[in-house]
Amino acid sequence: MKLIDAQTAFFVARKPRKDSPNTTAAYRRDLAGVTGRLVDELGTAAEEIELDQVDAAALRAAFGSFADDHARSSVARAWSTWNQFFQFCVADGLVAGNPMGAVGRPRPAPLSPKPLRGEGTPEELLAATASGARRARRPWPERDLLVVALGLVAGLRAAELRALRRSSVVGRPGERRLFVRGKANRERSIPIEAPLERVIEAYVESCGRRFPGVSFGPESPLVLGSDGAGIGRGALDYLVRSCFQAAGLRDRVPAGANLHALRHTFATRLAEDGANAVEIMALLGHASLNTSQNYIEATGAQRRAAAASNRTYRVLSELVEE
Numbered sequence: 005m006k007l008i009d010a011q012t013a014f015f016v017a018r019k020p021r022k023d024s025p026n027t028t029a030a031y032r033r034d035l036a037g038v039t040g041r042l043v044d045e046l047g048t049a050a051e052e053i054e055l056d057q058v059d060a061a062a063l064r065a066a067f068g069s070f071a072d073d074h075a076r077s078s079v080a081r082a083w084s085t086w087n088q089f090f091q092f093c094v095a096d097g098l099v100a101g102n103p104m105g106a107v108g109r110p111r112p113a114p115l116s117p118k119p120l121r122g123e124g125t126p127e128e129l130l131a132a133t134a135s136g137a138r139r140a141r142r143p144w145p146e147r148d149l150l151v152v153a154l155g156l157v158a159g160l161r162a163a164e165l166r167a168l169r170r171s172s173v174v175g176r177p178g179e180r181r182l183f184v185r186g187k188a189n190r191e192r193s194i195p196i197e198a199p200l201e202r203v204i205e206a207y208v209e210s211c212g213r214r215f216p217g218v219s220f221g222p223e224s225p226l227v228l229g230s231d232g233a234g235i236g237r238g239a240l241d242y243l244v245r246s247c248f249q250a251a252g253l254r255d256r257v258p259a260g261a262n263l264h265a266l267r268h269t270f271a272t273r274l275a276e277d278g279a280n281a282v283e284i285m286a287l288l289g290h291a292s293l294n295t296s297q298n299y300i301e302a303t304g305a306q307r308r309a310a311a312a313s314n315r316t317y318r319v320l321s322e323l324v325e326e
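Residue 138 in the working numbering sits at position 134 of the sequence shown, with consecutive numbering throughout.
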C-alpha cells in the first residue's frame with residue numbers, strides 16, 4: 005500500500021472524532037513535513053513511497069532532518085501525529101508494528117506561564133484601550149476593549165475568540181456566560197460578570213452604528229474586523245500588539261506572547277486568588293490537569309508562604325531593623 009493512500013485512510017478513520025479544522029490542518033502539516041524528508045531519504049516521489057518502506061531507519065533519518073530546522077515543540081507534535089498514524093495502521097492491519105518507538109522524541113519543555121509583567125499592568129492596558137489610545141484609520145475602542153477583556157477575564161485563545169458567535173453569549177442578564185468551543189472541539193462554559201456584559205453590549209451597539217446596512221444574526225461572528233466580517237488571525241494579532249504599544253506596555257509583554265499573555269494573566273490571577281487546578285482546568289479548557297497545576301506552581305502562593313517561614317528571615321529582619 006502506498007504511504008499517501010494510508011494517510012488518506014487515516015483521515016477518513018478520524019472523521020467520527022469530529023476533529024476541529026485546525027487540528028486536521030496541523031495533522032496534515034505534520035505528515036506532509038516528514039513525508040518530504042522521507043522523499044529525500046528514500047529518493048522516491050511522495051506518491052510512490054510504499055508504506056513498508058517507511059521503517060524505523062527511514063523514519064529516524066527523516067525526523068533527524070526535520071529536527072534540523074524545526075523547534076522542539078514542532079518535532080514533538082510531528083512525532084505524536086506519526087505515532088497516531090502508525091497506531092491506526094497497526095489497528096487496520098496495514099503494518100505489523102509501530103516503528104515510532106525507535107524514533108527519538110524530544111522531551112517536552114516544562115510549561116512556563118507568560119503573564120503580563122507588573123501587578124497593575126492589566127488595569128493599565130484596559131484603561132488605555134477603553135480611552136481609545138490605539139490609533140487606527142477608523143478607531144474602534146469598543147471592539148478593542150472587548151478583545152482585551154475577553155483575554156483578561158475569560159482567558160480565551162485566539163482561535164476560540166475568533167470562533168465566537170453572537171449566540172455564544174447565553175443566559176439571562178446577571179447570569180450570562182460564554183459558550184466556548186476550544187481545542188479538539190472541547191466545549192466549556194465561562195461565567196461572565198456585569199462589567200464584561202456591559203462591554204459586550206456597548207460593542208454590539210457600536211457594530212450597528214459602524215455597519216448600518218448589515219444585518220447580524222445569532223450565528224454572525226461576535227468579534228468583527230474592519231470590513232464587518234469575522235476578524236482574521238493576522239488582524240487579531242496586530243490589534244493586540246498595537247494595544248500593548250499604545251498603552252506603552254510592550255516591555256511588560258513576554259517575548260512571543262500577545263493574546264496568549266492575556267490568557268496566562270487570567271490563569272495566573274486565578275491561581276493567585278486561590279482557584280484550584282480543577283477550577284483552572286475547567287475555565288481554561290485544558291485537556292490535562294497537569295497543565296493547570298503549572299499555574300499554581302508558577303504563582304507559588306504556598307511556596308511563598310513556605311519560603312517566608314525560613315528561620316533565616318528572622319535574622320535578616322533583625323539586621324534590617326538595626
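Heads up, the beta-carbon is just placed ideally off N, CA and C, and yes, glycines get one too. No experiment lies behind these values; they were computed from the predicted model shown.
Point to revise | Distance between F183 and S171 (C-alpha atoms, nearest Å) | key: 8 Å
Review point. Is DSSP giving F15 helix, strand or coil here?
Key: helix
Exercise for review: Please classify N189: is it buried, with 16 or more other beta-carbons within 10 angstroms of its beta-carbon, or exposed?
Suggested key: exposed
Check your understanding: Buried or exposed: F14, going by 16 or more other Cβ atoms within 10 Å of its Cβ?
Key -> buried
Point to revise | Continuous beta strand (DSSP E) stretch holding R273: start and end | key: Run containing R273: none in the beta strand (DSSP E); it sits in the alpha helix (DSSP H), L263 to E276.
Review point. Using the rule of at least 16 other Cβ atoms within 10 Å of the residue's Cβ for burial, across every protein chain shown, is Q11 buried or exposed?
Key: buried
Check your understanding: By DSSP, does K118 sit in helix, in strand, or in coil?
Key -> coil
Exercise for review: Measure the CB-CB distance between V107 and L42 and report whether it falls below 7 Å.
Suggested key: no
Practice item. Name, in chain order, the residues that DSSP records as bridge partners for F183. Key: S193
Review point. What's the call for R267, buried or exposed, on a 16-neighbour Cβ count within 10 Å?
Key: buried
**Study point:** alpha helix (DSSP H) segments (min. 4 residues) lying fully within the stretch 94-173
**Key:** 125-134, 145-158 and 162-167
**Study point:** Straight-line gap, G212 to K6 (C-alpha atoms, nearest Å)
**Key:** 54 Å
**Study point:** For P20, the three-state DSSP class (helix, strand or coil)
**Key:** helix
Review point. For L228, which three-state DSSP category applies?
Key: strand
Review point. Between the Cα of V151 and the Cα atoms of V79, N102 and G236, which residue gives the shortest distance?
Key: G236
Check your understanding: Cα separation between G139 and T125?
Key -> Contrary to the premise, residue 139 reads as Arg rather than Gly in this sequence. Approximately 20 Å between the Cα atoms of the pair.
Exercise for review: Helix, strand or coil for G37, going by three-state DSSP, please let me know.
Suggested key: helix
Review point. Does the Cβ of D148 have 16 or more other Cβ atoms within 10 Å, making it buried, or fewer, making it exposed?
Key: buried
Check your understanding: Candidates P195, E197 and L226: which alpha carbon is nearest S210's?
Key -> L226
Review point. Considering P199, what are the terminal residues of the alpha helix (DSSP H) in which it resides?
Key: A198 to R214
Practice item. My understanding is that R256 touches L120, with C-beta atoms under 8 Å, so please give their C-beta distance in whole angstroms. Key: 5 Å
**Study point:** Cβ contact check for the stretch 37-56 and the stretch 66-74: 3 or more pairs under 8 Å
**Key:** yes
Check your understanding: Does DSSP put E223 in a helix, in a strand, or in coil?
Key -> coil
Practice item. Report the residue from H290, L35, N298 and Y31 whose alpha carbon sits nearest the alpha carbon of E164. Key: H290
**Study point:** G217 in three-state terms, based on DSSP
**Key:** coil
Exercise for review: Can you give me the Cβ contacts of G136 inside the same chain, cut-off strictly under 6 Å, excluding the 5 residues immediately before and after it?
Suggested key: P143 and P145
Exercise for review: Using three-state DSSP, classify G234 as helix, strand or coil.
Suggested key: strand
Check your understanding: Could you give the distance in angstroms between the alpha-carbon of L46 and the alpha-carbon of N262?
Key -> 41 Å
Review point. Near A248, which residues of its chain fall below 6 Å by C-beta distance, leaving aside the five closest residues on each side in sequence?
Key: Per the sequence presented here, residue 248 reads as Phe, with Ala not at that position. Closer than 6 Å at Cβ, skipping near neighbours: R254 and V257.
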